[in-house]
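Written out below as C-alpha cells is the structure these notes cover.
There are 2 protein chains.
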Amino acid sequence: MAGGVGAAKLLAGIVKVIDPKELTVIGNTGDDIELHGLHISPDLDIAAYTLAGIVDKTQGWGISGDTFQCLDALKTFSGFEWFHLGDRDLATHIFRTNLLRQGYSLSQVTQKVCVALGLKTTILPMTDDKFETRITTKAGTMHFEEYMVKRGAKDEVLGVEFYGAEKAKPAAGVVEAIENARRVVICPSNPVVSVGTILSVKGIREALKRTDAVKVGVSPIIGGKPVKGPADKLLRGLGCEVSAFAVTELYADFLDVFVIDIVDASEKERIEQLGVKVKVTNTVMRNMSDKVELAKTMLET
Amino acid sequence: MAGGVGAAKLLAGIVKVIDPKELTVIGNTGDDIELHGLHISPDLDIAAYTLAGIVDKTQGWGISGDTFQCLDALKTFSGFEWFHLGDRDLATHIFRTNLLRQGYSLSQVTQKVCVALGLKTTILPMTDDKFETRITTKAGTMHFEEYMVKRGAKDEVLGVEFYGAEKAKPAAGVVEAIENARRVVICPSNPVVSVGTILSVKGIREALKRTDAVKVGVSPIIGGKPVKGPADKLLRGLGCEVSAFAVTELYADFLDVFVIDIVDASEKERIEQLGVKVKVTNTVMRNMSDKVELAKTMLET
C-alpha cells in the first residue's frame, strides 16, 4: 500500500529483492486532481515512473529530463502555474483522460500505462470511484494538492475530509490482492492522506483484518518528524501526536509488525502495548542499498 | 474566408495593408478532429499562429521551434503517430478541449486563444456545431485529415461528404461579419474542403449574396495545378476540371472579382462569361513582398 515519494523509494528496493511480478501496488488516489481538463493521478504515476526507472530522482516525481514547453504555453492561456507537468508526463495524463472519457476505469487505464512502460508489477488504484482528499485550514477547505503544492503545506490543518469515501468501492483486484497476499507492506507514506485514504475505502481495512498475510508497516515519522511532507501537520490536525507510536495506533487493528527507526527505539515498548510487534532498524533511505535493506526487513521480518 | 496554409500567407499580407483590427477571419472547421481526446482545429490554429508571428514558417502549420516530447511519449501509450502535435501546440488543444467540455462554444474558445496570443484580428470558426469533412476513396470513407495526413492525399477521391452540414449553423458573428464587411476576401484555399465547407454552412452563401461588400476571390489553381495540397484530386472527385475557371464556377453565384495568375491569363474571357470580373496578376506568394502585393490586389481591385 503506497502513497507517493516515500513509498516509491521502498518499492524500488522491493523489486530488487523479489520478482517484480510478485508485487502488487495499491496506490492512493485521494490526491487525484483534474487540471486543464486532464486527470492527474500523482501517486499512481510516481509508483509507475519509479518502477519504470524514468522518475526524476531529484524531485521524486515526474519524468527524468522532462521539459516544460506545453505547461509554459498553457500559462499564456490560463495563467495557471502552480502544478508542474512536464511534456512527457503530460502524455500519461492525456492518455489516461482520453480512456477515462471513453469509459475505461482508472484501474484499466493504470494497467495500460504500466504495460506501456514495461512494468511487470501490477499497480492498482485504491478505488475507481471519485475520491478526493480535502484539507480544511483557516483559508478554507481545499483539494489536498492545493494545500500541498499551491500553498506549500504551510497552513495549519484544521480538518481532513475524504470526499467520496462514503460511496467509493475498492478497485477490481484490490481486495483479492490483499486476501491472496503472503505479505502486505504498508509503505512509509503519510498515515493520514496516503495510507489513511486507502484504509478509508470500505472493504480494504476489513480485508487487511481477514487476510492470512503478514502485515508489516514502517514509520514515516522519525524522531518526531516526517521524513518528507506534511504528516506532522496532518497528524496534529487529527488531534494525534507526531510519533511512530501515533502512526501505529492508526494501523493497530490490522498490523502485525511495525518497523521503526533506531532513533525511535525508545518507543518500542509503548508500541508493543498496542499488540503490534516492533522491529528497530535504520529506516532512512538515502541510496539504493538503504532501500534494499529496508525492503528485506519489510519482507522478511 | 480562410482555409489553412495558403490562406494564412495572404492573411499575413493583409494585416500589413490594413489595421489587423479591421480584419475578421472566417475559418474552416471541416478539418477539425479529435485526437487523443483533444479537439484539434487545424485551420483556426494556422491562422492564429500565423497572425501571432509564431507559426513554423517551413511547414506553414504548428509553432516555430516547437518540440515533440509529449507526442513521443504518447506513442509509447497509443502507438498513434500520424498527426504531428508539438508540445506548445498541444497547449492550445488542451486549453480548447477543457473549455469546450465546460460548455464554451468553439467561437468563444477561439476568441480566448486569439486574445492570449495577442491578436487584434478576430478569428471566427465557420460554425460552432459538429462538422466533419469526409473523403471517400477506394480504401473507404475517412476523415479528411486521415486522407490528407495519414495517407498523404494519395488516394483518388471518389466523393466528398460534409458530415454535419445539414444541421450546422454559422457561428455567432459570421453572418454579421459578412453583412457588415466592406470587402469579403476568399483566400486561395482549397475550393472544396476549405472554402467549400464554409459555403456549405447554411446561411453563409446567402449572406454573401446579400451583402453590399465587394467579394474578391483568388485562384488556388495556377497553370492547372494547386499551389499546395490536393485540390486537383478533390476537384476531379466532384467531376470538375482543375482550373481557375472551375474554381470560379463554384463561387460565381456570389463573387464579384476573381484574381488569377498571369500564367492563366488565357482563362480570363471564359471566366468573365460567368459574370465575374477578372484581375490578372502574380498570385504566387514566395515572400512577404508577394503577400503584401496580393493583399493590396485583393483589397483594392
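If you read the sequences in order, they're chains A and B.
Counting in this note's numbering, the first sequence runs from 12 upward without gaps.
Counting in this note's numbering, the second sequence runs from 12 upward without gaps.
Each residue gets a CB set at the ideal place from its N, CA and C atoms; glycine is no exception.
None of these values were measured; they are calculated from a predicted model.
If you draw a straight line from the C-alpha of Val16(A) to the C-alpha of Ser116(B), how long is it?
-> The residue labelled residue 16(A) in the question sits at position 5 within the first sequence. The residue labelled residue 116(B) in the question sits at position 105 within the second sequence. Taking the straight line joining both Cα atoms gives about 40 Å.
8 Å Cβ cut-off: residues of chain A touching Phe88(B) | Translated into the one-based positions of the second sequence, residue 88(B) becomes position 77. Within 8 Å Cβ-Cβ: Ala102, Thr103, Phe106, Lys123, Val124, Ala127.
Provide the residue(s) that pair with Thr7(A) in DSSP beta bridges, ordered along the chain.
-> Given a span of 12 to 312 for chain A in the structure shown, any question on residue 7(A) remains unanswerable.
Are the C-beta of His95(B) and some C-beta of chain A separated by less than 8 Å?
-> Residue 95(B) sits at position 84 when you count from the first residue of the second sequence. It does not; no Cβ of chain A falls within 8 Å.
Figure out for me which residue from Phe265(B), Pro181(B), Ile105(B), Ile282(B) has the closest Cα to the Cα of Ala224(B).
-> Residue mapping note: residue 224(B) aligns to position 213 of the second sequence, counting from 1. Comparing Cα-Cα distances from Ala224(B) to each of Phe265(B), Pro181(B), Ile105(B), Ile282(B), the minimum goes to Phe265(B).
Chain A beta carbons: is any one of them nearer than 8 Å to that of Leu117(B)?
-> Working through the second sequence from its first residue, we reach residue 117(B) at position 106. By this cut-off, Leu117(B) is not an interface position.
Have a look at Ala182(A) and Leu128(A) and give me their C-alpha separation to the nearest angstrom.
-> Residue 182(A) sits at position 171 when you count from the first residue of the first sequence. Residue 128(A) sits at position 117 when you count from the first residue of the first sequence. Whole-angstrom Cα-Cα distance: 21 Å.
Listed in chain order, which residues of the stretch 19-47 of chain B have Cβ atoms closer than 7 Å to some Cβ of chain A?
-> His47
For Gln70(B) and chain A, any beta-carbon pair shorter than 8 Å?
-> Here residue 70(B) is taken as the residue at index 59 of the second sequence, counted from 1. For Gln70(B), the answer is no, since every Cβ of chain A falls outside 8 Å of its Cβ.
Between Gly240(B) and Ala263(B), is the Cβ-Cβ spacing less than 8 Å?
-> Counted from its first residue, the second sequence places residue 240(B) at position 229. Counted from its first residue, the second sequence places residue 263(B) at position 252. Not closer than 8 Å, so no.
Could you give the distance in angstroms between the alpha-carbon of Val253(A) and the alpha-carbon of Ile189(A)?
-> Indexing the first sequence from 1 puts residue 253(A) at position 242. Indexing the first sequence from 1 puts residue 189(A) at position 178. One C-alpha to the other measures close to 28 Å.
To the nearest angstrom, report how far apart Val36(A) and Glu283(A) are at their CA atoms.
-> Within the first sequence, numbered from 1, the residue matching residue 36(A) stands at position 25. Within the first sequence, numbered from 1, the residue matching residue 283(A) stands at position 272. Answer to the nearest angstrom: the Cα atoms are 27 Å apart.
Nearest CA to the CA of Val126(B): which residue from Lys32(B), Gly170(B), Ile232(B)?
-> Indexing the second sequence from 1 puts residue 126(B) at position 115. For Val126(B), the nearest C-alpha among the options comes from Lys32(B).
Flag Asp67(A) as yes if its beta-carbon sits less than 8 Å from any beta-carbon of chain C, otherwise no.
-> This model lacks chain C altogether; the protein chains it does include are A and B.
Would you call His154(A) buried or exposed, if buried means 16 or more other Cβ atoms sit within 10 Å of its Cβ?
-> Walking along the first sequence from the start, residue 154(A) turns up at place 143. Buried is the call here.
With burial defined as no fewer than 16 other Cβ atoms inside 10 Å of the residue's Cβ, what is the status of Phe269(B): buried or exposed?
-> Numbered from 1 along the second sequence, position 258 holds the residue referred to as residue 269(B). Under this definition Phe269(B) is a buried residue.
Residues near Ile65(B) in its chain [Cβ-Cβ closer than 7 Å; skip 5 each side] | Position 54 of the second sequence, counted from the first residue, corresponds to residue 65(B). Correct list, in chain order: Ile74, Ser75.
Nearest neighbour of Tyr60(A), chosen from Val212(A), Asp140(A), Thr103(A), Glu156(A) [CA to CA] | For the purposes of this step, residue 60(A) is taken as residue 49 along the first sequence, with counting starting at 1. Closest option to Tyr60(A), Cα to Cα, is Thr103(A).
Buried or exposed (CB count within 10 angstroms, at least 16 for buried), Phe256(B) = Locating residue 256(B) in the second sequence gives position 245, counting from the first residue. Looking at its Cβ environment, which holds 16 or more other Cβ atoms inside 10 Å, Phe256(B) is buried.
Could you tell me how far apart the beta carbons of Gly71(B) and Ile57(B) are, in whole angstroms, since I believe they sit closer than 8 Å?
-> Indexing the second sequence from 1 puts residue 71(B) at position 60. Indexing the second sequence from 1 puts residue 57(B) at position 46. Going by Cβ atoms, the distance from Gly71(B) to Ile57(B) rounds to 7 Å, so yes, they are a contact pair.
Check whether the Cβ atoms of Ile134(B) and Gly38(B) lie closer than 8 Å to each other.
-> Looking up residue 134(B) in the second sequence gives position 123. Looking up residue 38(B) in the second sequence gives position 27. Yes. Within cutoff.
Residue nearest to Lys226(A) in terms of C-alpha spacing, selected from Arg193(A), Ser200(A), Thr40(A) = By 1-based counting over the first sequence, the position of residue 226(A) is 215. Checking every option, the nearest Cα to that of Lys226(A) belongs to Arg193(A).
If you pair each beta-carbon of the stretch 169-179 of chain A with each one of the stretch 133-153 of chain A, do three or more pairs fall below 8 Å?
-> yes
Within 8 Å, strictly: CB atoms of Leu245(B) and Val204(B) = Counting from one through the second sequence, the residue named residue 245(B) turns up at place 234. Counting from one through the second sequence, the residue named residue 204(B) turns up at place 193. Yes.
For Gly41(A), count neighbouring Cβ atoms within 10 angstroms of its own Cβ and tell me buried if that reaches 16, exposed if not.
-> Within the first sequence, numbered from 1, the residue matching residue 41(A) stands at position 30. The residue is buried, with at least 16 neighbouring Cβ atoms inside 10 Å.
Since Tyr60(A) is in the alpha helix (DSSP H), which residue starts that stretch and which ends it?
-> By one-based count along the first sequence, residue 60(A) stands at place 49. Run containing Tyr60(A): 53-62, per the alpha helix (DSSP H) assignment.
Using 8 Å as the limit for Cβ to Cβ distance, is Ala63(A) near chain B?
-> Mapped onto the first sequence, residue 63(A) falls at position 52. No, no contact with chain B.
DSSP-derived helix/strand/coil call for Lys236(A) = Here residue 236(A) is taken as the residue at index 225 of the first sequence, counted from 1. Lys236(A): strand per DSSP, three-state reduction.
Is the Cβ-Cβ distance between Lys279(A) and Ala23(A) less than 8 Å?
-> For the purposes of this step, residue 279(A) is identified with residue 268 of the first sequence, where counting begins at 1. For the purposes of this step, residue 23(A) is identified with residue 12 of the first sequence, where counting begins at 1. It is not a contact, given that the beta carbons lie outside the stated cut-off.
In whole angstroms, what is the alpha-carbon distance linking Lys178(B) and Arg216(B)?
-> Within the second sequence, residue 178(B) is the residue found at index 167, counting from 1. Within the second sequence, residue 216(B) is the residue found at index 205, counting from 1. The straight-line gap from Cα to Cα measures roughly 15 Å.
Which residues mark the beginning and the end of the alpha helix (DSSP H) in which Val303(A) is found?
-> Residue numbering aside, residue 303(A) sits at position 292 when the first sequence is read from its first letter. Residues 299-311.
Going by C-alpha distance, which of Val229(A), Ala242(A), Leu261(A) is nearest Val295(A)?
-> Taking the first residue of the first sequence as 1, we reach residue 295(A) at position 284. Measuring from the Cα of Val295(A), the nearest candidate turns out to be Val229(A).
If you measure from the beta carbon of Asp98(A) to each beta carbon in chain B, is any gap under 8 Å?
-> Here residue 98(A) refers to the residue found at position 87 of the first sequence. For Asp98(A), the answer is yes, since a Cβ of chain B falls inside 8 Å of its Cβ.
Can you tell me which of Asp100(B), Ala63(B), Phe91(B), Gly14(B) puts its alpha carbon nearest to the alpha carbon of Thr78(B)?
-> Taking the second sequence and counting its residues from 1, the one referred to as residue 78(B) is at position 67. If we check each option's Cα against that of Thr78(B), Asp100(B) comes out closest.
State yes or no: is the beta carbon of Thr133(A) nearer than 8 Å to at least one beta carbon in chain B?
-> As a working note, residue 133(A) is residue 122 in the first sequence. Chain B contact via Cβ: absent.
Are Val168(B) and Pro199(B) close, meaning C-beta to C-beta below 8 Å?
-> Position 157 of the second sequence, counting from 1, holds the residue named residue 168(B). Position 188 of the second sequence, counting from 1, holds the residue named residue 199(B). It is not a contact, given that the beta carbons lie outside the stated cut-off.
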